[in-house]
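**Student:** My questions will all concern the structure given below.
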Amino acid sequence: MTGYLRFLHSNRRWLLGGFALFLMSCFGQTFFVSLSAGDIRAEYGLSHGEFGSLFMLATLASALALTQIGSVVDRFGAAGVALGVFAFLAAGAAAMALSSHVAALFVALFLLRLFGQGMMTHTSFTLMGRWFGRERGRATSVATLGLNTGEALLPLAVVALAALVGWRGTWWAAAVLLLVLVWPVSALMSAEREPDPVPEGGRELRARDWTRRQALRDPCFYLVAAAMAAPALIGNTVFFHQVYLVESRGWAPAAFAAAFTVYAVTTVVFNLVGGQLVDRFSAMRLVPVYLLPLGFGLVVLASVAGQWGAFAFMALYGVTNGLSLSLFGAVWPEVYGTAHLGSIRSVVVAVMVFASAAGPGVAGLLIDAGVPYPAQLAALGGYCLAVSAVMARVVPLLRARVLSQSVPAD
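Going by UniProt numbering, 144 is the number at position 144 of the sequence shown; the sequence numbering is gapless.
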């Protein structure tokens, strides 16, 4: 514990900057946008499938844009990147508040997804991977607590605020908050950090530095991406259609919102545990097992009609999500190095964003077509189990490749 507190104190400015990026990313995350979904659909006369498709198209467009702008993290200073991302995300929140046509709604969703879920998290993950070496897992787990904090506090806060100022007023509040925080966060990130050296005589588990083109030619890249995209695909699907789930089960309106607290607490605990495990065992060793709790949670949510099923799912999903936050920041540097990390991760994040868009969109169309939602949840659980089995075969091959490239410490 003393060592952990020393780590937090000595790296507080960089960790706090990464934390702030993840916290502010919440304004572009599916769970936050979905809190206004009922009001938006009612005001624009959209069905579940129509709004889900609009959300999916905006998210897919943001994913494509991210592959083009994501490399700015490699080419510009952290403070400048943070300044730009905050400004554009604030513009997206203001656009949502001002939207009066479906086309304007699409633009607002595009900005929120690109600079919230996309660039905010991409920037923080990339900086943690670049700034830290031996304690990369711990640093990533601390930074991603910003997202956990937002998931725990914002749903109930938004419900309360929307009751006072309406859903548009809530988005204005988000835009103002982003503009207020942009300067202090940029100041925190104005100084770069050099990774801690490996102890003398030790060996660093470090892959050679791959370019993005080389990584995209590697078949293992797509297998690892499929494993790492599962929480985004599944979590966004469930969260986006939470109102439909609650209504179809006859649960109390606030039931799922209350379960977010359980999810957030579990995520925080296993995020911190995951950071320690990554630094001790490596991220790759955890990839084959981290999806299993989510798979079991989906089986529970698909088969249990009582409200306790929502709490059980959220707790089990929290285990997977907490581990994934540490893994997502550490797996890619372990496999492909750090020199072109921002460029490579821009593609990875685009895959994640694509998954987060495809899930809600396809599920909404299936709901409109009359496909039972429990059957959809069960199918997603099967996906988790299948991917885990594949990664159990792939990870040993990756570790052997990286170990063959490990270098003595200077």
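Ideal Cβ placement from N, Cα and C applies to all residues, glycine included.
(1) Under a Cβ-count criterion, where at least 16 other Cβ atoms within 10 Å of its own Cβ denotes burial, should G201 be classed as buried or exposed?
(2) Where does A93 sit, in a helix, a strand or coil, going by DSSP?
(3) Taking F270 as the reference, give the member of S388, L327 and G250 with the closest Cα.
(4) L341 and G38 - do their beta-carbons sit closer together than 7 Å?
(5) If you drop the 5 nearest sequence neighbours on each side, which residues of the same chain put their C-beta closer than 7 Å to that of A171?
(6) Of the choices Q214, R208, F132 and A358, whose alpha-carbon is the least far from that of G337?
(7) Taking DSSP as the reference, what is the three-state secondary structure of F76?
(8) Using the beta-carbon count (16 or more within 10 Å), is G68 buried or exposed?
(9) Would you mind giving the Cβ-Cβ distance between L23 and T123, rounded to the nearest angstrom? I have them listed as a contact below 8 Å.
(10) Could you give the residue range of the alpha helix (DSSP H) that holds residue 482?
(11) In angstroms, rounded to a whole number, what distance separates the CA positions of A139 and G3?
(12) Buried or exposed: S346, going by 16 or more other Cβ atoms within 10 Å of its Cβ?
(13) Could you give the distance in angstroms between the alpha-carbon of Y244 and the alpha-carbon of Y44?
(14) Give the C-beta separation of G361 and F106 to the nearest angstrom, bearing in mind that I take them to be a contact with Cβ-Cβ under 8 Å.
(15) What do you reckon, are the CB atoms on V387 and L291 nearer than 7 Å?
(16) Among residues of its own chain, excluding the 5 on either side of A283, which ones have a beta-carbon nearer than 6 Å to its beta-carbon?
(17) List the whole-angstrom C-beta distance separating R193 from W14, where the pair is believed to meet the contact cut-off of C-beta under 8 Å.
(18) Would A175 be called buried (16 or more neighbouring beta carbons within 10 Å of its own) or exposed?
(19) Would A42 and H241 be called neighbours here (beta carbons separated by less than 7 Å)?
(20) For R203, which three-state DSSP category applies?
(21) To the nearest angstrom, how far is the alpha carbon of L179 from that of L188?
(22) With DSSP collapsed to three states, give me the class of residue 464.
(23) Do L35 and V158 have their C-beta atoms closer together than 7 Å?
(24) Using a Cβ-Cβ cutoff of less than 7 Å, which residues in the same chain neighbour A61 once the five nearest sequence positions on both sides are dropped?
(25) Following the continuous alpha helix (DSSP H) through E334, name the residue where it begins and the one where it ends.
(26) Report the rounded CA-to-CA distance for G116 versus L181, giving the unit in angstroms.
(27) When the Cα of A312 is compared with those of V300, A305 and L323, which residue comes out closest?
**Tutor:** In terms of the structure at hand:
(1) Sequence index remark: in the sequence shown, residue 201 carries index 201 (1-based). In this prediction, G201 scores a pLDDT of 41, lower than 50, which makes its location untrustworthy; the coordinate-derived value is nonetheless stated afterwards. If you draw a 10 Å sphere on the C-beta of G201, you find fewer than 16 other C-beta atoms in it, and that means exposed.
(2) Numbered from its first residue, the sequence shown carries residue 93 at position 93. A93 falls in the helix class under three-state DSSP.
(3) Mapped onto the sequence shown, residue 270 falls at position 270. The option with the nearest alpha carbon to F270 is L327.
(4) Locating residue 38 in the sequence shown gives position 38, where the first residue counts as 1. Locating residue 341 in the sequence shown gives position 341, where the first residue counts as 1. In this structure, G38 keeps its C-beta atom at 7 Å or more from the C-beta atom of L341.
(5) Residue numbering aside, residue 171 sits at position 171 when the sequence shown is read from its first letter. The question names Ala, but residue 171 in the sequence shown is Trp. Listed in chain order, the non-local C-beta contacts of W171 below 7 Å within the same chain comprise A93, M96 and A97, local neighbours out to five positions each way being set aside.
(6) Locating residue 337 in the sequence shown gives position 337, counting from the first residue. Comparing alpha carbon positions, the residue from Q214, R208, F132 and A358 closest to G337 is R208.
(7) Position 76 of the sequence shown, counted from the first residue, corresponds to residue 76. Three-state result, F76: coil.
(8) In the sequence shown, counting from the first residue as 1, residue 68 sits at position 68. The sequence given here places Gln at residue 68; Gly does not occur at that position. So Q68 ends up on the exposed side.
(9) Taking the sequence shown and counting its residues from 1, one reaches residue 23 at position 23. Taking the sequence shown and counting its residues from 1, one reaches residue 123 at position 123. Actually they are not in contact, since the Cβ atoms of L23 and T123 sit about 13 Å apart, beyond 8 Å.
(10) Residue 482 lies beyond the stretch modelled for the chain, which goes from 1 to 410, so this question has no answer here.
(11) Numbered from 1 along the sequence shown, position 139 holds the residue referred to as residue 139. Numbered from 1 along the sequence shown, position 3 holds the residue referred to as residue 3. For A139 and G3, the gap between their C-alpha atoms comes out near 13 Å.
(12) Taking the sequence shown and counting its residues from 1, one reaches residue 346 at position 346. Buried, because 16 or more other Cβ atoms sit within 10 Å of the Cβ of S346.
(13) What you label residue 244 is simply residue 244 of the sequence shown in a count that begins at 1. What you label residue 44 is simply residue 44 of the sequence shown in a count that begins at 1. For Y244 and Y44, the distance between alpha carbons rounds to 18 Å.
(14) The count along the sequence shown starts at 1 and reaches residue 361 at position 361. The count along the sequence shown starts at 1 and reaches residue 106 at position 106. That belief does not hold up - the Cβ atoms of G361 and F106 are roughly 13 Å apart, past 8 Å.
(15) Here the question's residue 387 lines up with position 387 in the sequence shown. Here the question's residue 291 lines up with position 291 in the sequence shown. Cβ atoms of V387 and L291: closer than 7 Å.
(16) Position 283 of the sequence shown, counted from the first residue, corresponds to residue 283. In its chain, beyond the 5 residues on either side, L327, A330, V331 and E334 have a beta carbon closer than 6 Å to the beta carbon of A283.
(17) To locate residue 193, count along the sequence shown from 1; it is residue 193. To locate residue 14, count along the sequence shown from 1; it is residue 14. Indeed, because the Cβ distance is near 5 Å, the residues count as touching under 8 Å.
(18) One-based indexing of the sequence shown puts residue 175 at position 175. Its Cβ being crowded by 16 or more others within 10 Å, A175 is buried.
(19) On the sequence shown, position 42 is the one that residue 42 refers to. On the sequence shown, position 241 is the one that residue 241 refers to. Not a contact, by the Cβ cut-off of 7 Å.
(20) In the sequence shown, residue 203 corresponds to position 203, counting from 1. Bear in mind that the predicted position of R203 carries a pLDDT of just 47, short of 50, making it unreliable; the figure below should be weighed with that in mind. Strand.
(21) Numbered from 1 along the sequence shown, position 179 holds the residue referred to as residue 179. Numbered from 1 along the sequence shown, position 188 holds the residue referred to as residue 188. Straight-line spacing of the CA atoms in L179 and L188 works out to 15 Å.
(22) Here the chain has residues from 1 to 410 only, and residue 464 is not among them.
(23) Numbered from its first residue, the sequence shown carries residue 35 at position 35. Numbered from its first residue, the sequence shown carries residue 158 at position 158. Contact: yes.
(24) Along the sequence shown, read from residue 1 onward, the residue named residue 61 stands at position 61. So the list reads F110, once near-sequence residues are dropped.
(25) The residue you call residue 334 lines up with position 334 of the sequence shown. Run containing E334: W308 to Y336, per the alpha helix (DSSP H) assignment.
(26) Within the sequence shown, numbered from 1, the residue matching residue 116 stands at position 116. Within the sequence shown, numbered from 1, the residue matching residue 181 stands at position 181. Approximately 14 Å, taken between the alpha carbons.
(27) The count along the sequence shown starts at 1 and reaches residue 312 at position 312. Of the candidates V300, A305 and L323, the one whose C-alpha sits nearest the C-alpha of A312 is V300.
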